[in-house]
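Notes follow once the structure below has been shown.
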């Protein structure tokens, strides 16, 4: 890991266990350390092979890990921990808290019952501190990246809505679901079903009207 000082571009290097990653959630300074939150891809080469549509696909699901990384610039030490939250990806936080301490994160999650032939995720999960809340769409669904929308510019972190699209491949239709960010596990508070399916995408964004 390279830590770059923005004042003079001095680089400090840290050694951590080997892994891969696609998406960082956030990083911030805290008590003389730099805290980094991301989704680790321990078998990133296997995952990349799964994304090659021209090659034979394996039914083995590659596990990901929600990961906490602590960098201590004063000592040059690094500690990487996985608190046990597996098979998640696409972390999103409060859009105004980049570089600030984060207590609320939205992620996609894959349930144990998801069809192994389908690459992707079938649910949404919120993490408030260390407390996860999960909603699973069910068989035949592929969830796309869900975003967190604060209730207002001054709302406390975690208060607001989680929005996301999901594709139901047996019927070839897409839905947009709205969740209370504090109760994702209670299911959508509103859902709009389109009469057709949208092409699957990777990332989502919310723009106020």
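Numbering (the numbering used here), first residue to last: 4 to 212. Just so it is clear, CB atoms sit at the ideal spot from N, CA and C, and this is done for glycine as well. This structure is a prediction, so every number in the text was calculated from the model and none was measured.
Throw me the rounded Cβ distance for the residue 103 and residue 172 pair, which I believe falls under 8 Å.
Rounded, the Cβ-Cβ distance is 38 Å, inconsistent with contact.
So, are the CB atoms of residue 169 and residue 140 less than 8 Å apart?
yes
Return helix, strand or coil for residue 145, following the three-state DSSP convention.
When DSSP states are grouped into helix, strand and coil, residue 145 belongs to the strand group.
Hey, how far is the Cα of residue 6 from the Cα of residue 105?
19 Å
Looking at the secondary structure, which residues open and close the alpha helix (DSSP H) in which residue 53 lies?
47 to 53
Between the alpha carbons of residue 117 and residue 14, how many angstroms are there, rounded?
Their Cα atoms are separated by approximately 43 Å.
Assuming residue 80 is part of the beta strand (DSSP E), what are its boundary residues?
80 to 84
Looking at the structure shown, is residue 196 part of a helix, part of a strand, or coil, going by DSSP?
strand
Taking all protein chains shown into account, do 16 or more other C-beta atoms lie within 10 angstroms of the C-beta of residue 155, making it buried, or fewer, making it exposed?
exposed
Which word fits residue 92, buried or exposed, when buried means at least 16 other C-beta atoms lie within 10 angstroms of its C-beta?
buried
Measure the C-alpha to C-alpha separation of residue 146 and residue 69 and round it to an integer number of angstroms.
18 Å
Under the rule that 16 or more other beta-carbon atoms within 10 Å means buried, what is residue 197, buried or exposed?
exposed
At which residues does the beta strand (DSSP E) containing residue 69 begin and terminate?
68 to 75
Using 8 Å as the Cβ pair cut-off and three pairs as the minimum, do the segment 66 to 86 and the segment 30 to 46 touch?
Judged by Cβ distances under 8 Å, the segment 66 to 86 makes contact with the segment 30 to 46, as three or more pairs qualify.
Can you tell me whether DSSP reads residue 188 as helix, strand or coil?
helix
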